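Notes follow once the structure below has been shown.
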Amino acid sequence: MQIHRLPVLSDNYVFLLHDSETNTAAVVDPAVAGPVLEKLEALGAKLTAIFNTHHHSDHVGGNRKLLKAFPAAVVYGGAEDQGRIPGQQHYLNEGDRVEFGDRQAQIFFIPGHTRGHIAYYFAPASDGEPGELFCGDTIFAGGCGRLFEGTPAQMVESIGKLRQLPDNTRVWCAHEYTLSNLKFAVTVEPANQDLRTRFTQVQAARQRDEATVPSLLGLEKQTNPFLRWDQPTVMAAMEQGDAVRSFGKLRGKKDLF
Ligand code: ZN
Ligand code: FE
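Positions 3 to 259 (this note's numbering) are the ones given, in order, by the sequence shown.
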């Protein structure tokens, strides 16, 4: 399975999964259809599936047009998003599995950003290969999604599930927010050397106009405060003795940053 990253709108990423064996493709969170159709044409591939993480228009905006071009494509989304995802045919719950090519993705139910948000996790195809996590607007490189429809407790539980995946998991998040996220992160943990190093590297990468997605889950665990809400350094910075309150305060500060 090859993964193509398509930058669209101002800072969204759409991911096109291509199975060269069968020349079929699946798309994750098509904000718009145009660039997806162009890429499919260039690959000569047929779209068989649309994997949506949540109902926001910058994640499902291309569904209808893609279905027009590929009427047999199957639209997947979370069970809680029923009625909110254009063309949705499958309603996924925690622990469900979906197939693409010779791979299978496991579904995580991860409410917080929205009440119906899910993630798709492809375990490594073989030893030494990375797993692939499509987590929409839940974990961002260096940050996390805003709590539009959920509570800090829900987001802690959701990110807590994803945090248990192997370090060697590629995090395919849906926005290029990394630089502004890390600007905030260094104010939370100024003494975190891994974070400082990452911040410097990301500043340079963005100056060269390079994408910073995917990142690796192991790096997120070391440097992303929203995967470190229960670390003593972060809890001290938030002046909280309770981990969920620490997360809530962290998210609140980021909203105002
Ligand atoms: Zn969103
Ligand atoms: Fe989004």
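Using N, Cα and C, we set each Cβ at its ideal position, and we do this for glycine too. Predicted, not measured: the structure shown is a model, and the values here were computed from it.
In whole angstroms, what is the alpha-carbon distance linking residue i and residue j?
| i | j | result |
| --- | --- | --- |
| Ala74 | Leu68 | 10 Å |
| Leu94 | Phe249 | 27 Å |
| Gly243 | Asn194 | 20 Å |
| Thr199 | Thr189 | 14 Å |
| Pro88 | Asn65 | 6 Å |
| Ile112 | Gly162 | 9 Å |
| His58 | Ala239 | 32 Å |
| Ile120 | Ala81 | 9 Å |
| Val76 | Thr171 | 26 Å |
| Phe259 | Pro192 | 16 Å |
| Arg117 | Ala44 | 36 Å |
| Glu96 | Tyr122 | 10 Å |
| Ser128 | Gly46 | 27 Å |
Could you tell me whether any non-hydrogen atom of the ligand ZN is closer than 7 Å to the CB of residue i?
| i | result |
| --- | --- |
| His20 | no |
| His56 | yes |
| His61 | yes |
| Gly147 | yes |
| His115 | yes |
Take residue i as the anchor and find which of the options has the nearest alpha-carbon.
| i | options | result |
| --- | --- | --- |
| Leu8 | Glu134, Lys256, Val34 | Val34 |
| Leu39 | Phe72, His58, Phe53 | Phe72 |
| Leu197 | Ala207, Lys185, Arg208, Ala206 | Lys185 |
| Met3 | Glu131, His56, Leu11, Gly114 | Glu131 |
| Gly220 | Asp129, Thr202, Asn25, Ile141 | Ile141 |
| Leu181 | Gln108, Glu43, Phe201 | Phe201 |
| Gly144 | Ala206, Ala239, Ala187 | Ala187 |
| Val158 | Ser59, Tyr15, Cys146 | Cys146 |
| Glu134 | Ala207, Val215, Tyr78, Ala81 | Val215 |
| Asp104 | Phe111, Pro126, Gln166, Arg117 | Pro126 |
| Glu222 | Phe259, Ala206, Leu164, Glu82 | Leu164 |
| Lys255 | Arg148, Gly138, Ala207 | Arg148 |
Report yes if the C-beta of residue i is less than 7 Å from at least one heavy atom of the ligand FE; otherwise report no.
| i | result |
| --- | --- |
| Asp83 | no |
| Ala176 | yes |
| Asp196 | no |
| Asp139 | yes |
In the DSSP output, which residue or residues are listed as bridge partners for residue i?
| i | result |
| --- | --- |
| Arg210 | Answer is none; Arg210 lacks a bridge partner. |
| Thr235 | Its beta-bridge partners do not exist; DSSP assigns none. |
| Val76 | Ala51 |
| Glu101 | Gln106 |
What is the C-beta distance between residue i and residue j, in whole angstroms, given that I count them as a contact (C-beta under 8 Å)?
| i | j | result |
| --- | --- | --- |
| His61 | Asp31 | 4 Å |
| His56 | His115 | 7 Å |
| Ala245 | Asp232 | 4 Å |
| Ala28 | Leu19 | 4 Å |
| Asn54 | Tyr78 | 6 Å |
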